[in-house]
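Below you'll find the structure, written out as structure tokens, and then a few comments.
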Amino acid sequence: MQYYFKIVEKKWQKIWENSKTFKAHEKSNKPKYYILEMFPYPSGNLHMGHVRNYTIGDVLARYKIMNGYNVLHPIGWDAFGLPAENAAIKNETHPQKWTFDNIKNMKKQIKKIGTSYDWSREIITAEEKYYKFTQWIFLKLFENNLAYQKKSFVNWCPSCRTVLANEQVVCGKCERCKNIVGKKNLKQWFFKITNYAENLLSDLKKLDGWSDKVKNMQSNWIGRSTGVEINFKIDEINTLNSPKLMSENFLTVYTTRPDTIFGVTYIAIAPEHPDIFKIIHGKQNESECRIFIEKAKLQSEIIRTSSETEKDGVFTGSYAINPINEEKIPIYITNYVLCDYGTGVVMGVPAHDTRDFEFAKNYNIPIKTVIYPKEDPHFEVSNCAFEANGILKNSREFNEIENTEAIEKIAHYLENKKFGKRKINYKLRDWLISRQRYWGAPIPIIYCPKCGIIAESEKNLPVKLPENVKFSKNKKSPLADCDEFINTTCHKCGKNAKREVDTMDTFVCSSWYFLRFCDSDNIEVPFSPNKANYWMNVDQYIGGIEHAILHLLYSRFITKFLKDLGYLKENEPFKNLLTQGMVLKNGSKMSKSIGNVINPDEIIEKYGADSARIFIMFAAPLEKDLEWNDSSVEGAYRFLKRVWKIIIYFKNIKEKKEKAFSEKTDENTKTLKRAIHYAIKKITEDFKNSSLNTSISRIMELCNALYKYKETIDYNYNFNIVNEAIENILIMLYPFAPHICCEMWLIWGKETNLVFTKWNKFDKKAIETDEVQIVLQINGKIKDKLFIKTNLNGDEVKNMALNNQKIKKALNEKEIVNFIYIKNKIVNIVIK
RNA sequence: GCGGGUGUGGCGGAAUCGGCAGACGCGCUAGACUUAGGAUCUAGUGUCAUUGACGUGGGAGUUCAAGUCUCUCCACCCGCACCA
């Protein structure tokens, strides 16, 4: 009987599908377990990264079922997005057709892996029944003033011809097409994720099941800092000639270092600052300033925000007054101050800030030392800024105070005198969600000449994406040209009105899909709170690290928002997060341009899904990158054939009913028994630690032990132990290689369903041995090994050790200084 | 610059509380079976050396004992980065 994986895999995939083995129900008295892999974008073909992702999820899902959990393991498609539209333009097809064809193809590919998905819950975000509720979420955010429109300088990708969220700009380039992103002053839709900045940050602490890496990345991204906003009065402002009077003639700076306020020697303001023209108006430097401001606008984002860029600026001709000491200091427009962080104005302290130091050197601005290192009271800043902690000087009543303490004291002083206010700032910006593209969920907003900007009414959802539109390369969004879509009636006044033509970022679709899986057929509401509260949160989420910020942050935000509205009990979507490594070939990521892509279909065709799964799980720890290796896949295949062969061997003996099996328990039986239970113990631990690469090696060891047993006793096997070994090999191998195990289970004569068979507990007694091997060392160097009875007392061991030939020889009558015995482990004799 | 991580044979990777470094697999070597072998099985496989020594990026330290703990240096990877 040969192992024909093609027949076996096809057979079992059909059985699971037809008998709906993995359909999840809420009605169960087992504890629930929701396991989810990040759903794919239907790009056309499955790649090895997908296979790794889904295999990991599947192994865990199948293991959890065996351990008595009511498992939800769904999958769907993140189906909106730009590639579909670009493909449509290129191939003169419709994004919808392109997307759904791809889904069909990839679904077929995924099924070949043999994953345990509940396909009845499959969702496609581009379907009306899904995006209807994406729009519903928009409406809820709008109702709660968390979706709003504003005109601002936004990231614009000229190649994708749309705006991008900050999170989608990587190193100044478009996350998707890698083109350089520019800035445009546009009116756009935003979600007020900043309202949740504090929660998003502080709740990270609760996420024990997330790696520090991801938590740090999110924490960095949110970028909380505590400081003080301080008002600097503008001296001699030319209010008469000013085009628009400032309500108060102040410039407000933000600083985290109020302890350095006596060292301020200038004020730096961003060129984009809204008050800039009021400051320069009528001053003798005005034209020079205007040129500088224009120049700064033209500078690309990458250059503007790079710390390498030379610090440049121009004196405005205006002065400000430092509130704490009434000093008159110049105001500069500078290229290094960012307009959209803090207040867009910075107090320049050259002595204690590297950037200010560089700027001051360039413009001959005085450098005033106000902090000195403890060990050097005469310290003066000369070559570079002193940013470390120290003691204050030149700071009046705050002199001789440690600066860490002075931060508090001066902040308090400034607040008391009403010169400023404590302030917490975040780097996190609001989430820009509108896109000037067609293939996305339309933003359900109506522009009515009478009622203004109003939300579409809930009962009119979905705002359908029209199918009959034209795509062309250089024009704006097809929706903007589609009269049938644009023209509508206002649901409030009944008058003619126009629709918003922008669509939503696809990250909006994916920020709530895990909730939809809980209740994917519901046509009334996005999900019933009962069902969502039953399944949520996701017990184990698995996906690539590339979503560490984008998708995971957005999902956390939407979850918190829906919780605040009372639709959910949980305020975090993903309890445990596993970020799997990439699949590499020849050290680099598989890509068409390098030509190192391994096609999953071909691998499955050649070795079968089970072998592919085994290799993927075995070759590297889950979180690490995995180097693809063809011969290792073959090794996995070889291993499965070995399993197959030995079980067939014993099956044949069993069926011949010769007197091959006995009830005898000898040393070999015990050894095999020990191997079985040791494997159960270790693999159970492996699952607890997500260290599944070692699990495979332990099953291999157990399989080797069975081979050894077979060879050592050669007939007259103990049936019970052989049966126990085979049963456990199949149970433990099953999550990794489900097809072959189900088939073997049947061949071995089992009538139960392996899928729902209980994972065994190990027998502590079976692992214990009568004899242990201990190591004999002299001064930490191994001299010999010794088998002794387990749990012998120290004196007995000492005797045995000292009488050991090799030890005797090595000791050579030297003086023994110390004798160390660690029970059942090691003897170390210390000599001079 | 800041934050996080990694460093172990020819390769992927194992090593509970500090207690036999290199499990398991790939590759390689030899042998068996075979018309054949890119199938299968068996044995071997860290380095050097005829004893034994040396070995987990380098150096130091703690300890009877260090891949594991401490300090320090180096290399590489990832994330953030003019965030005041």
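So for the first sequence, numbering that gives the first Met the number 0 puts the first residue at 0; every next one is plus one. By construction, the Cβ of each residue, glycine as well, lies at the ideal position given by its N, Cα and C atoms.
Beta-ladder partner(s) of residue i, from DSSP
| i | result |
| --- | --- |
| V537 | F573 |
| C156 | T161 |
| F786 | Q772 |
| K149 | Q187 |
| P329 | Y318 |
| G543 | Q579 |
| T225 | I423 |
| F231 | L250 |
| R434 | T502 |
| N495 | T488 |
| G347 | Y265 |
| Y33 | L71 |
| G208 | N575 |
| Y195 | In the DSSP output, where bridge partners are listed per residue, Y195 has none listed. |
| E626 | L583 |
| C447 | G451 |
Neighbour-count burial assignment, residue i, 16 or more Cβ in a 10 Å radius
| i | result |
| --- | --- |
| Q855 | With the chain represented from 0 up to 831, any question about residue 855 goes unanswered, as that position is not in the structure. |
| Y116 | buried |
| S18 | exposed |
| T751 | exposed |
| F755 | exposed |
| L244 | Confidence at L244 is low in this model, with a pLDDT of 42, below 50, so its placement is unreliable and the value that follows should be read with caution. Exposed: under 16 other Cβ atoms inside 10 Å. |
| V50 | buried |
| N321 | buried |
| E8 | buried |
| P242 | Residue confidence for P242 is low, a pLDDT of 45 falling below 50, so the modelled location carries little weight; the figure read from the coordinates is stated next. Exposed: under 16 other Cβ atoms inside 10 Å. |
| D207 | exposed |
| C170 | exposed |
| P376 | exposed |
| S630 | exposed |
| N85 | buried |
| N817 | exposed |
| Y195 | buried |
| R303 | buried |
| A387 | exposed |
| H411 | exposed |
| N887 | Outside the displayed range of the chain (0 to 831) lies residue 887, so it cannot be described from this structure. |
| L239 | For L239, the predicted structure reports a pLDDT of 48, less than 50, and the residue's modelled location is therefore unreliable. The matter cannot be settled from this model. |
Presumed contact (8 angstroms Cβ cut-off) between residue i and residue j, rounded CB distance
| i | j | result |
| --- | --- | --- |
| L576 | L567 | Not quite, the Cβ-Cβ distance comes to about 18 angstroms (not below 8 angstroms), so this is no contact. |
| G56 | I34 | 6 angstroms |
| F573 | Y540 | 4 angstroms |
| W155 | I442 | With 8 angstroms as the limit, W155 and I442 do not qualify as a contact, their Cβ atoms being about 18 angstroms apart. |
| Y265 | P329 | 5 angstroms |
| N398 | I370 | Their Cβ separation, rounded to whole angstroms, is 11 angstroms, which puts N398 and I370 out of contact at 8 angstroms. |
| K623 | G580 | 4 angstroms |
| G262 | T368 | 7 angstroms |
| N334 | F314 | N334 to F314, Cβ: 14 angstroms. No contact. |
| A479 | C489 | Actually they are not in contact, since the Cβ atoms of A479 and C489 sit about 20 angstroms apart, beyond 8 angstroms. |
| Q776 | V826 | 7 angstroms |
Item to complete: Could you pull out every unbroken beta strand (DSSP E) segment of at least 3 residues lying fully inside the segment 362-431, listed in chain order?
Response: 419-424
Discussion item. Under 8 angstroms: do the segment 518-535 and the segment 141-152 share three or more Cβ pairs, one atom per stretch?
Written reply: no
Discussion item. Give the list of continuous alpha helix (DSSP H) stretches no shorter than 4 residues that lie fully inside the segment 554-607.
Written reply: 599-606
Item to complete: Determine contact between the segment 760-772 and the segment 665-677, defined as no fewer than three beta-carbon pairs at a distance below 8 angstroms.
Response: yes
Discussion item. Could you tell me which whole beta strand (DSSP E) segments of length 3 or greater appear in the segment 49-87?
Written reply: 69-71
Item to complete: Flag this pair as touching only if the segment 206-221 and the segment 581-599 have three or more C-beta atom pairs under 8 angstroms; answer yes or no.
Response: no
Discussion item. Would you call the segment 117-137 in contact with the segment 500-519, where contact means no fewer than 3 C-beta pairs closer than 8 angstroms?
Written reply: yes
Worksheet item: Counting Cβ pairs, one atom from each stretch, are 3 or more of them under 8 angstroms apart for the segment 421-434 and the segment 151-165?
Response: yes
Item to complete: Mind the definition here: the segment 693-712 touches the segment 608-621 only if three or more C-beta pairs lie below 8 angstroms; say whether that holds.
Response: yes
Worksheet item: Does the segment 662-673 come close enough to the segment 713-731 to have 3 or more Cβ pairs within less than 8 angstroms?
Response: yes
Worksheet item: Should the segment 85-94 be called in touch with the segment 726-737, which here means at least 3 C-beta pairs below 8 angstroms?
Response: no
Discussion item. In chain order, what are the residue ranges of uninterrupted alpha helix (DSSP H) at least 4 long that sit wholly in the segment 637-722?
Written reply: 666-688 and 691-712
Worksheet item: Is the segment 269-288 in contact with the segment 342-352, if contact means three or more CB pairs nearer than 8 angstroms?
Response: yes
Worksheet item: Three or more C-beta pairs closer than 8 angstroms, one from the segment 111-127 and one from the segment 70-78: is that the case here?
Response: yes
Fill in: Segment contact flag, the segment 421-428 with the segment 221-230, C-beta cutoff 8 angstroms, min 3 pairs
yes
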